[in-house]
Amino acid sequence: MMTRDKIQTILKKSVSFSEGDQTEAMLYGGKSYLTGFANNHIHRNVGENNYNLSLRVAFGKKIGSASVNDFSDEAIKNTVKRAVEIAKLQEENPSFVSFAKPEEAPEKDFFVEKTAEVTPDMRAEYVKKILDKSKEKGLNANGTFVIDLMQIGVLNSLGISRFCSLTVASLKSVILGDTSSGYSIETSTNVDDISVNSVIEESIGIAEMGKNPIAVEPGKYEVILSPYAFAEFISSLSYLALNARAVEEGTSFLAGNFGKKILGDNITIYDDGLSPETIPMPFDFEGVSKKKVVFFENGVAKDVVYDTLTAYKNGKESTGHSLPQPSSFSPYPMNIIMKGGDLSKDEIISHVEHGLYVHRFWYTNPMDPRRAVITGMTRDGLFLVENGKITKPVKNMRFTESIITALNNCIELSKEKRVMYDSSSITVPYVRIKDFTFTSITEF
Amino acid sequence: MQRIIEEALMVAKKFGVSYADVRVIDRTEEEISTKNGSVDGIKSSSSKGFGIRVIADGAWGFSSSFVLTDEEISRVAEEAVDIAKASAKTKIEDVTLSKIEIYQDRVEEQVKIDPFSVPITKKISILLDADKLMNLQGIILRRGGMYFSKEWKTFASSEGAYLELERVISNAGISAIATDGKDVQTRSYPSSFGGDYQRKGFEFIEEVKLLENAWRIANEAIQLLSAKPCPSGKMDIILESSQLALQIHESCGHPTELDRVLGEEASFAGTSFLTPDKLGKFKYGSDIVNIVADATAPFAIGGFAYDDEGIKAKKIYLVKNGEFVGYLNSRETSKKLRLEPMGAMRAESWNRAPIIRMTSINLEPGDKAFEELVSGIDNGVLMATNKSWSIDQKRLNFQFGTEIGWEIRNGKLQDMVKNPTYSGITYEFWRNCDGIGNKDYYHIWGLPNCGKGEPMQVMQVSHGASYGRFRNVQVGVLR
Numbered sequence: 001m002m003t004r005d006k007i008q009t010i011l012k013k014s015v016s017f018s019e020g021d022q023t024e025a026m027l028y029g030g031k032s033y034l035t036g037f038a039n040n041h042i043h044r045n046v047g048e049n050n051y052n053l054s055l056r057v058a059f060g061k062k063i064g065s066a067s068v069n070d071f072s073d074e075a076i077k078n079t080v081k082r083a084v085e086i087a088k089l090q091e092e093n094p095s096f097v098s099f100a101k102p103e104e105a106p107e108k109d110f111f112v113e114k115t116a117e118v119t120p121d122m123r124a125e126y127v128k129k130i131l132d133k134s135k136e137k138g139l140n141a142n143g144t145f146v147i148d149l150m151q152i153g154v155l156n157s158l159g160i161s162r163f164c165s166l167t168v169a170s171l172k173s174v175i176l177g178d179t180s181s182g183y184s185i186e187t188s189t190n191v192d193d194i195s196v197n198s199v200i201e202e203s204i205g206i207a208e209m210g211k212n213p214i215a216v217e218p219g220k221y222e223v224i225l226s227p228y229a230f231a232e233f234i235s236s237l238s239y240l241a242l243n244a245r246a247v248e249e250g251t252s253f254l255a256g257n258f259g260k261k262i263l264g265d266n267i268t269i270y271d272d273g274l275s276p277e278t279i280p281m282p283f284d285f286e287g288v289s290k291k292k293v294v295f296f297e298n299g300v301a302k303d304v305v306y307d308t309l310t311a312y313k314n315g316k317e318s319t320g321h322s323l324p325q326p327s328s329f330s331p332y333p334m335n336i337i338m339k340g341g342d343l344s345k346d347e348i349i350s351h352v353e354h355g356l357y358v359h360r361f362w363y364t365n366p367m368d369p370r371r372a373v374i375t376g377m378t379r380d381g382l383f384l385v386e387n388g389k390i391t392k393p394v395k396n397m398r399f400t401e402s403i404i405t406a407l408n409n410c411i412e413l414s415k416e417k418r419v420m421y422d423s424s425s426i427t428v429p430y431v432r433i434k435d436f437t438f439t440s441i442t443e444f
Numbered sequence: 445m446q447r448i449i450e451e452a453l454m455v456a457k458k459f460g461v462s463y464a465d466v467r468v469i470d471r472t473e474e475e476i477s478t479k480n481g482s483v484d485g486i487k488s489s490s491s492k493g494f495g496i497r498v499i500a501d502g503a504w505g506f507s508s509s510f511v512l513t514d515e516e517i518s519r520v521a522e523e524a525v526d527i528a529k530a531s532a533k534t535k536i537e538d539v540t541l542s543k544i545e546i547y548q549d550r551v552e553e554q555v556k557i558d559p560f561s562v563p564i565t566k567k568i569s570i571l572l573d574a575d576k577l578m579n580l581q582g583i584i585l586r587r588g589g590m591y592f593s594k595e596w597k598t599f600a601s602s603e604g605a606y607l608e609l610e611r612v613i614s615n616a617g618i619s620a621i622a623t624d625g626k627d628v629q630t631r632s633y634p635s636s637f638g639g640d641y642q643r644k645g646f647e648f649i650e651e652v653k654l655l656e657n658a659w660r661i662a663n664e665a666i667q668l669l670s671a672k673p674c675p676s677g678k679m680d681i682i683l684e685s686s687q688l689a690l691q692i693h694e695s696c697g698h699p700t701e702l703d704r705v706l707g708e709e710a711s712f713a714g715t716s717f718l719t720p721d722k723l724g725k726f727k728y729g730s731d732i733v734n735i736v737a738d739a740t741a742p743f744a745i746g747g748f749a750y751d752d753e754g755i756k757a758k759k760i761y762l763v764k765n766g767e768f769v770g771y772l773n774s775r776e777t778s779k780k781l782r783l784e785p786m787g788a789m790r791a792e793s794w795n796r797a798p799i800i801r802m803t804s805i806n807l808e809p810g811d812k813a814f815e816e817l818v819s820g821i822d823n824g825v826l827m828a829t830n831k832s833w834s835i836d837q838k839r840l841n842f843q844f845g846t847e848i849g850w851e852i853r854n855g856k857l858q859d860m861v862k863n864p865t866y867s868g869i870t871y872e873f874w875r876n877c878d879g880i881g882n883k884d885y886y887h888i889w890g891l892p893n894c895g896k897g898e899p900m901q902v903m904q905v906s907h908g909a910s911y912g913r914f915r916n917v918q919v920g921v922l923r
């Protein structure tokens, strides 16, 4: 890993080489390791050491940007020169006012040494426990064990100077049987928080319960969605709806609905980069502190996230949700959290007379952004629920459903939650939703 | 470059590897986007680094770095070996590779105009001219974009391969979004998700003809707001070539990847219904369906001179006269099934180990004029330009949505319809293909964003297609 001093030196040099009215330098990267397994052995095992320096230079309202992963003085000077040239060739961006301005912000760091100390042999040992149990049960284990060690530094000519390091450990198991499959994943900044036994228990348990599934007719079902399924179902809201760009471009269903109750009473969803319930991040890629942003409070549409550009444009303050700029996906909520309920997962299942338990959704894609209609498949565990109990495994089905409709039909939420992480986090409970639409079936 | 490679291979050999290869990549990219009459962003980036892949103790290891110093090369080579030895602790059998011909070669991309020699102002001006043409009443969002990349890759292996390969990509595309306050409709040109991509220089931008099509797509987006909804039910459909390209991608490209078939992607992307027992014995489509994997296709971004295991580009059949006959494979997976290695191992960049990827997966053109395809339909829909896609993890149940459609009644194109969707089971769908457009409509579309693998790798692939007619398809989900 680079030292903090080295990162600061690169950032300072970058800004000092620039003749722009304003200059911003952002350095992001680190080391990343992934041990992948399939067919009960490690088949892919990789490591990476990579950093990227992104520069933005502004002359008045003209902005240029360039990035590089060579940090020699010559390469940085050339990259600054390129950003300056681009800025000068640009037309004015009428929405641009300024890069981020300094603010009072306590330092926060999420680097866990224990996670950073994990070696290839240790990753293999974790994985071997899953493989051994899978072989013992006559099943086929697949999955990954990921260790990410990340650093981010942002410095600009207005006085912003931020640094943070972060570790992430994530263990995933996908167990295949002859006619079934099961899934489990745990993610934390601290590798010691990951329980390989609970990952084994859940993924093997679902695979064993799922043997010899029956086919049921597509149609409307009451469903219990696990946090894995529910996070996947609502994940597209990040770019379709919950940001200022989507509101401005008219694709967000929040546009024109702020202050109105558009979802069920029990729906409260927010973004909070500093919550203990998420994989945290203290500031965004412009160096702005993460603010808590409430999207829906008891069903009422409240707010969306902003970066500096969209904030100035709308007379707001950045909420600290910029992606590395320039980006057509920025601003973007990175730490979505849904408020849970009072019930346990088992209590929720016990309330369902006839319905389906969905362990996981897969390959979801929006079909109608404005109505937030999503299609996708079930995967790795679909079960019939009868008279309050999971009774039979079911062959996979395709759903086509509006997130808005589903969040108006949500009857119950669990107190248990899971964090799902893939560069950004979504932390959600188990949910019970009525009249959820399945549109076709597949052969397995 | 040679020094880095020699050092890496030497260190790997010192640790007793049975195989090693090294890729060094130096890539420059430029991305320009416009939005509603202004420049939205210009990104200029460069990235270089190296990756070392080894087999030690009979198992794979890979490591990579952006630091090109002797000390770091040694560290990374040693780390790749350590990683391989950790993999070996769970091995069931030793990794073995098919034998291949070993090449030393240098291949430059044949471009007419180096896209990095063209001033940014010229590129911006084309996009803003197209933007103006899309500026119609009712259009709320106009987008335009261009992307260019140039890279030099050096590949060398412990078996003596040494390849220096240049790759140049150019892209352009536009889109218009219309709203009436209730509905939102999008049209894109020449295809959705960024437009079209080819292994050409700036000359490609003129061939794309953005300005000739900008007004038309904006106008279509507005018309879609008041168009009637696509009908639903079982009926015949014609897919325009860019939508058919995505159909080929999802329902033929992915399920013929042999790593998926053998379960190596089960953790993420999934597996495949095209299991080895079906090879040569399964009716994938109707007799007129011929699908090739052709890495030699000129200008196709799924094409290349050599893959990332040093295999020279090949063309093979995946589906011939409707029979499933071939897989996309690697040296390791071809050895397992005793197949000929066909060269489909590709890595996104220096920091990723190669995995099996699509090359240019092309549906060979048929013999029908467009009018003939339409005239053979009593009740159906013509669908164009992808809007949404989803398919199960064995690549059987799919559902696609397109930006626009037109009803076909009594052999004639009728009214425009909005939100067309269709769904089906892969082999049933392809077995119902009874007409393919001729070569006049054939085009190889560049898809730059095929995601696969862990860690995720985004790959440039391509698909050749003309029009395709399919009988008795389930149309319509959205109402």
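Heads up: the protein sequence lines correspond to chains G and Y, in order.
For the first sequence, the residue numbers in our numbering are 1 to 444.
For the second sequence, the residue numbers in our numbering are 445 to 923.
Even for Gly, the Cβ is constructed at its ideal location relative to N, Cα and C.
This one's a predicted model, so the numbers in the text were calculated from it and none came from an experiment.
- Here residue 536/Y is exposed, its C-beta having fewer than 16 other C-beta atoms within 10 Å.
- In this structure, DSSP gives residue 143/G an extended state, which the three-state scheme calls strand.
- Residue ranges of uninterrupted beta strand (DSSP E) with 3 or more members, entirely inside the stretch 258 to 300 of chain G and ordered along the chain, are 269 to 271, 293 to 297.
- At a cut-off of 9 Å between beta-carbon atoms, residue 706/Y makes contact with chain G.
- In the DSSP assignment, residue 514/Y falls within the alpha helix (DSSP H) that extends over 514 to 532.
- Along the stretch 552 to 567 of chain Y, the positions whose C-beta sits under 8 Å from a C-beta of chain G are 563, 564, 565, read in chain order.
- Contact annotation: residue 918/Y and residue 886/Y have beta-carbon atoms that are not nearer than 9 Å.
- Within chain G, the residues placing a beta-carbon under 8 Å from that of residue 837/Y are 362, 363, 377, 379, ordered along the chain.
- Annotation: the continuous alpha helix (DSSP H) that includes residue 577/Y extends over 564 to 577.
- Remark: three or more beta-carbon pairs, one from each stretch, lie closer than 8 Å, so the stretch 548 to 558 of chain Y and the stretch 598 to 610 of chain Y are flagged as touching.
- One finds nothing in chain Y with a Cβ atom closer than 7 Å to the Cβ of residue 409/G; even the nearest lies about 18 Å away.
- Using a 10 angstroms sphere on the CB of residue 678/Y, the tally of other CB atoms stays under 16, which defines it as exposed.
- The shortest C-alpha to C-alpha distance from residue 438/G to any of 418/G, 389/G, 382/G is the one to 382/G.
- Under the three-state reduction of DSSP output, residue 822/Y falls in the coil class, being neither helix nor strand.
- Contact with chain G is absent for residue 905/Y, since none of that chain's Cβ atoms lies less than 9 Å from the residue's Cβ.
- The three-state reading of DSSP puts residue 911/Y in coil, since its state is none of H, G, I, E or B.
- Residue 528/Y reaches chain G at 45, counting residues in chain order whose Cβ is nearer than 8 Å.
- Three or more Cβ pairs drawn from the stretch 520 to 529 of chain Y and the stretch 450 to 465 of chain Y lie within less than 8 Å of each other, which places the two stretches in contact.
- The beta carbon of residue 840/Y falls within 9 Å of a beta carbon belonging to chain G, placing the residue at that interface.
- Residues are counted here when their Cβ sits less than 7 Å from a Cβ of chain G; for the stretch 664 to 696 of chain Y the count is zero.
- Looking at the backbone, the Cα of residue 739/Y and that of residue 748/Y are separated by about 6 Å.
- Taking a contact to require three or more Cβ pairs closer than 8 Å, the stretch 80 to 93 of chain G and the stretch 473 to 487 of chain Y qualify as touching.
- Where residue 892/Y is concerned, the enclosing beta strand (DSSP E) starts and stops at 887 to 896.
- Of all alpha-carbon atoms in 903/Y, 859/Y, 691/Y, the one lying nearest the alpha-carbon of residue 913/Y is that of 691/Y.
- In the assembly as shown, residue 892/Y is a buried residue. Its beta-carbon has 16 or more other beta-carbons within 10 Å.
- Taking 9 Å as the CB threshold, residue 4/G stays off the interface with chain Y.
- Contact between residue 888/Y and residue 809/Y is ruled out by a C-beta separation of about 11 Å, above the 8 Å threshold.
- The beta-carbon of residue 36/G is placed less than 9 Å from the nearest beta-carbon of chain Y.
- According to the DSSP assignment, residue 437/G belongs to no alpha helix (DSSP H) but to the beta strand (DSSP E) extending over 424 to 441.
- In this structure residue 228/G does not touch residue 337/G by the C-beta definition: roughly 16 Å separates them, more than the 8 Å allowed.
- Judged by pairs of C-beta atoms under 8 Å, the stretch 10 to 25 of chain G touches the stretch 59 to 76 of chain G, as three or more such pairs exist.
- Burial state of residue 546/Y is exposed, judged by a 10 Å Cβ sphere holding fewer than 16 other Cβ atoms.
- Rounded to whole angstroms, residue 732/Y and residue 371/G show a C-alpha spacing of 39 Å.
- Against chain Y, the CB of residue 241/G has no partner CB under 9 Å away; the residue lies outside that interface.
- When secondary structure is reduced to three states using DSSP, residue 619/Y falls in the strand class.
- Counting other Cβ atoms within 10 Å of its Cβ, residue 256/G stays below 16 and is therefore classed as exposed.
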